[in-house]
Amino acid sequence: MSDIRVRFAPSPTGKVHIGNIRAAIYNWLFARHTGGKFLLRVEDTDLERSTPEAIAVLFDCMKWLGLDWDEEVFYQTKNVKRHLEVVDQLLASGHAYKVEKTSRDGKTGVVTMFRMPKEGVIEFDDIVKGHMAKKAEDIQDFAIVRSDGSPIFHIANVVDDIDQRVTHIIRGDDHVENTFKHICIFRALGAEVPKYGHLSMIVNQQGKPYSKRDGAAFVGEYREQGYLPEALFNYLLLLGWNPGDDREVLTRQEMIDLFELEKVHVTAAMFDPKKLAWMNGEYIKKIPPAEFREILIQSVAERRSERGDTAYSPRLPEEEPSDAADIPLRSDLRSAAEQKAWWDYLAAQIQVRTKFLKDIPAAIKCFVSDDFPFDEKAVEKRLKKPGVKELLLDLVERFSKVEDWTAPALEAVVKELSQGNGMGPWVHPIRVAVSGRGEGIGLFEMLQLLGKDNTLARLRHAAETLASE
RNA sequence: GGCCCCAUCGUCUAUCGGCUAGGACACGAGCUUUUCAUGCUUGGUAGAGGAGUUCGACUCUCCUUGGGGCUGCCA
Numbered sequence: 006m007s008d009i010r011v012r013f014a015p016s017p018t019g020k021v022h023i024g025n026i027r028a029a030i031y032n033w034l035f036a037r038h039t040g041g042k043f044l045l046r047v048e049d050t051d052l053e054r055s056t057p058e059a060i061a062v063l064f065d066c067m068k069w070l071g072l073d074w075d076e077e078v079f080y081q082t083k084n085v086k087r088h089l090e091v092v093d094q095l096l097a098s099g100h101a102y103k104v105e106k107t108s109r110d111g112k113t114g115v116v117t118m119f120r121m122p123k124e125g126v127i128e129f130d131d132i133v134k135g136h137m138a139k140k141a142e143d144i145q146d147f148a149i150v151r152s153d154g155s156p157i158f159h160i161a162n163v164v165d166d167i168d169q170r171v172t173h174i175i176r177g178d179d180h181v182e183n184t185f186k187h188i189c190i191f192r193a194l195g196a197e198v199p200k201y202g203h204l205s206m207i208v209n210q211q212g213k214p215y216s217k218r219d220g221a222a223f224v225g226e227y228r229e230q231g232y233l234p235e236a237l238f239n240y241l242l243l244l245g246w247n248p249g250d251d252r253e254v255l256t257r258q259e260m261i262d263l264f265e266l267e268k269v270h271v272t273a274a275m276f277d278p279k280k281l282a283w284m285n286g287e288y289i290k291k292i293p294p295a296e297f298r299e300i301l302i303q304s305v306a307e308r309r310s311e312r313g314d315t316a317y318s319p320r321l322p323e324e325e326p327s328d329a330a331d332i333p334l335r336s337d338l339r340s341a342a343e344q345k346a347w348w349d350y351l352a353a354q355i356q357v358r359t360k361f362l363k364d365i366p367a368a369i370k371c372f373v374s375d376d377f378p379f380d381e382k383a384v385e386k387r388l389k390k391p392g393v394k395e396l397l398l399d400l401v402e403r404f405s406k407v408e409d410w411t412a413p414a415l416e417a418v419v420k421e422l423s424q425g426n427g428m429g430p431w432v433h434p435i436r437v438a439v440s441g442r443g444e445g446i447g448l449f450e451m452l453q454l455l456g457k458d459n460t461l462a463r464l465r466h467a468a469e470t471l472a473s474e
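With positions in the first sequence counted from 1, the corresponding number in this note's numbering is that position plus 5.
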């Protein structure tokens, strides 16, 4: 156990920006790696935007990503009295003074200013950026209390950090200039100056700070789109840090073991949605089969609607599939074991092809309902061709004779038809006829899952209504 | 304008003076193959420019150029 204490201090605006959450990730990893404490401070001084809902969203995002914090949440608004006491102290010691000022929007009033030293160099060794120095004369006095008497960020931030006994401040790059000011406040108060580590920004394709105009910028959006929290976490971590070897997909424990603030990069990193998508696929492949099966079942059972979103939330795999019982299309599968096997088989087929959890419902629609959409292009390309109707009806004939309704047996039927010239001419129309789509899991596995009755019915139906003579 | 920071494939990066510059994503080709994926094999693409230090520089120094941040009674 070390005495290291770090904090994540967001202002709760209802949206948690990815750049911001990356700072939380780095703080959390630093604390877990060093055995220190990770504190959460809610900078809720903006009363308009800091609603209970916004704070709930913040907690939710952090929990989703597995960013658990130590000790009680610290609310900045609860410390206003202390902020103002400290200001009085600064006033008394001559480190602050009051002055009448006119703000940008024309309001005139008395504000309290912090008096900067007039000479000397303010310097600190930033853990990620290295040695930083700035002449005191280059920094102007700055306001710490508004004319309405409310404390301003600079003083509130420093006082809270003192009160929370924060030892390392790990935050966004945009605060480097503030750091010189804050160090002066710490000194004026006779407090020990914490260590600093400033993180570069996440930028867009144009090299500008990543914003909502560049795509999903908030944690909640990734959650809604079916990203796994571990994938987002891993990707964000890699944006500016690496373990020093070629490993990229890391377990949480590996991250904790290997993370070092000193190795965090100084340069801004460009956000690459494609690599995140790849990473997400990697994590989806790693989901234990039983758990993935549960995800499928939940998506069908519309269990998700209870949550109001399509987010994936890790849960313990159960012994028996929850509502697997209901496979509307397969009334022939009576026993629980048969049904479980059916779901397991489907899950295995789907899992390897899934990049985003939100794509699952569409991918399995045709297996759990007769009410699936037909892709017009696929129909045009595969069914609206001369002779297809005859071909499908012939297949109905042949398939109906198959007793052992398994993928290999069905494949044998088509293989025989094709006489070694490629099964394409049969496979494609069948696929569209039974699933409505031109892509999906292996065709014969698909037919096995659908079962004989459904397959024959769909082939017949497609032959009668969609196929060309 | 002033102050501060940064600079290796398109992108994320490895390299801590010896490099035939490595990996991943993306992209191309191939194998497997009924589609889409997965998997495997494989290809191309990089050290902003200029001086200096050195036997030797992507690595160190300086300049130029380019990019970013800050410059509020926002945080």
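Ideal placement from N, C-alpha and C gives every residue a C-beta, glycine not left out.
Check, Outcome
"Collapsed DSSP secondary structure at Pro17 in the structure displayed", "coil"
"Simplified DSSP assignment, three categories, for Ile132", "coil"
"Three CB pairs or more closer than 8 Å across the region 108-120 and the region 142-160", "yes"
"Rounded C-alpha distance that separates Gly456 from Arg335", "7 Å"
"Assumed close pair Leu244, Ile207 - CB separation to whole angstroms, cut-off 8 Å", "6 Å"
"Inter-residue CB distance, Phe185 and Ile127 (contact presumed, cutoff 8 Å)", "5 Å"
"Supposed contact pair Ala467 and Leu388 - C-beta distance, whole angstroms, cut 8 Å", "6 Å"
"Strand pairing of Thr107, partner residues [DSSP]", "Thr113"
"Three or more C-beta pairs below 8 Å linking the region 409-428 and the region 441-456", "yes"
"Distance CB(Ile60)-CB(Pro15) smaller than 7 Å", "no"
"Backbone CA spacing between Arg218 and Asp179 [nearest angstrom]", "20 Å"
"Alpha-carbon spacing of Gly202 relative to Val133, whole angstroms", "5 Å"
"Assigned secondary structure, Val357 (DSSP; H/G/I helix, E/B strand, else coil)", "coil"
"Continuous beta strand (DSSP E) stretch holding Gly443: start and end", "That residue, Gly443, is in no beta strand (DSSP E); it is neither H nor E in DSSP."
"Beta-carbon proximity list for Leu233, same chain, < 7 Å, skipping 5 on both sides", "Asn285, Tyr288, Ile289 and Tyr317"
"C-beta contact flag for Ile175 and Tyr31 at 7 Å", "yes"
"Burial state of Lys83 (16 or more Cβ within 10 Å)", "exposed"
"Cβ neighbour criterion (16 or more within 10 Å) applied to Gln453", "buried"
"Selected residue, minimal CA-CA separation from Asp146, among Val163, Met137, Gln169 and Met118", "Met118"
"Cβ-based burial, Ser7 [other Cβ within 10 Å; buried from 16]", "exposed"
"Nearest-angstrom Cα separation, counted from Leu351 out to Tyr538", "Outside the shown range of the chain, which is 6 to 474, sits residue 538, and nothing can be said about it."
"Residue range of the alpha helix (DSSP H) that includes Val393", "Val393 to Phe404"
"His22, buried or exposed, once every other Cβ within 10 Å from all chains shown has been counted against 16", "buried"
"Outcome for Leu471 when other beta-carbon atoms lying within 10 angstroms are tallied against a minimum of 16", "buried"
"Supposed contact pair Ala97 and Pro122 - C-beta distance, whole angstroms, cut 8 Å", "Wrong, their Cβ atoms sit about 18 Å apart, outside the cutoff."
"Ala141: first and last residue of the uninterrupted alpha helix (DSSP H) it sits in", "Where Ala141 is concerned, there is no enclosing alpha helix (DSSP H), given that its DSSP letter is neither H nor E."
"Where the alpha helix (DSSP H) containing Gly24 begins and where it ends", "Ile23 to Thr39"
"Expected contact under 8 Å - CB spacing of Val401 and Leu464 to nearest Å", "5 Å"
"Buried or exposed (CB count within 10 angstroms, at least 16 for buried), Ala36", "buried"
"For Leu194, the three-state DSSP class (helix, strand or coil)", "coil"
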